[in-house]
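A.B. asks: Under UniProt numbering, the final residue of the sequence shown carries the number 82; numbering is consecutive throughout.
Beta carbons: idealized from backbone N, C-alpha and C, even for Gly.
Computed from a prediction, not measured in an experiment: that's the story for all the values here.
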Amino acid sequence: MENETIKIITSERGKDLALVGTDKYRFIRQRKDEQVKWLCTNRTCYASILSDSGRSKVLSMLGEHRHIYNGENRTPNFTRKL
Numbered sequence: 001m002e003n004e005t006i007k008i009i010t011s012e013r014g015k016d017l018a019l020v021g022t023d024k025y026r027f028i029r030q031r032k033d034e035q036v037k038w039l040c041t042n043r044t045c046y047a048s049i050l051s052d053s054g055r056s057k058v059l060s061m062l063g064e065h066r067h068i069y070n071g072e073n074r075t076p077n078f079t080r081k082l
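1. What's the C-alpha gap between Asn33 and Val20?
2. Given this structure, state the Cα-to-Cα distance separating Glu4 from Val58, to the nearest angstrom.
3. Flag this pair as yes or no: are the beta carbons of Leu50 and Val36 separated by less than 9 Å?
4. Could you tell me the distance, in whole angstroms, from the CA atom of Asn42 to the CA atom of Ile6?
5. By how many angstroms is the C-alpha of Gly63 removed from the C-alpha of Ile9?
In structure tokens, the structure reads:
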């Protein structure tokens, strides 16, 4: 995943999102060393990436996604009991 390019898109609320392949990440902060931290948009997932200050390429990937992919739809890894 390192050295992949990032496409910056805008969320419905006007916030920056990083699109890497099929994964979307939300902006968290810019660190003192100028790297930018992004966290997965799925709130139950703690996968994150670090990008360069120009927000153009992935420098490193931290953690793994905690949700499963079902084709294009992403569904959590649990079932609800009513």
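C.D. replies: Reading from the atomic positions:
1. Mapped onto the sequence shown, residue 33 falls at position 33. Mapped onto the sequence shown, residue 20 falls at position 20. The amino acid at residue 33 is misidentified as Asn; the sequence shows Asp. Asp33 and Val20 have their alpha carbons spaced roughly 22 Å apart.
2. Counting from one through the sequence shown, the residue named residue 4 turns up at place 4. Counting from one through the sequence shown, the residue named residue 58 turns up at place 58. Glu4 and Val58: Cα-Cα distance of roughly 5 Å.
3. Working through the sequence shown from its first residue, we reach residue 50 at position 50. Working through the sequence shown from its first residue, we reach residue 36 at position 36. Yes, the pair counts as a contact, with Cβ atoms nearer than the cut-off.
4. Counting from one through the sequence shown, the residue named residue 42 turns up at place 42. Counting from one through the sequence shown, the residue named residue 6 turns up at place 6. Distance between the alpha carbons of Asn42 and Ile6: 18 Å.
5. Here the question's residue 9 lines up with position 9 in the sequence shown. Here the question's residue 63 lines up with position 63 in the sequence shown. When rounded, the distance between both Cα atoms is 23 Å.
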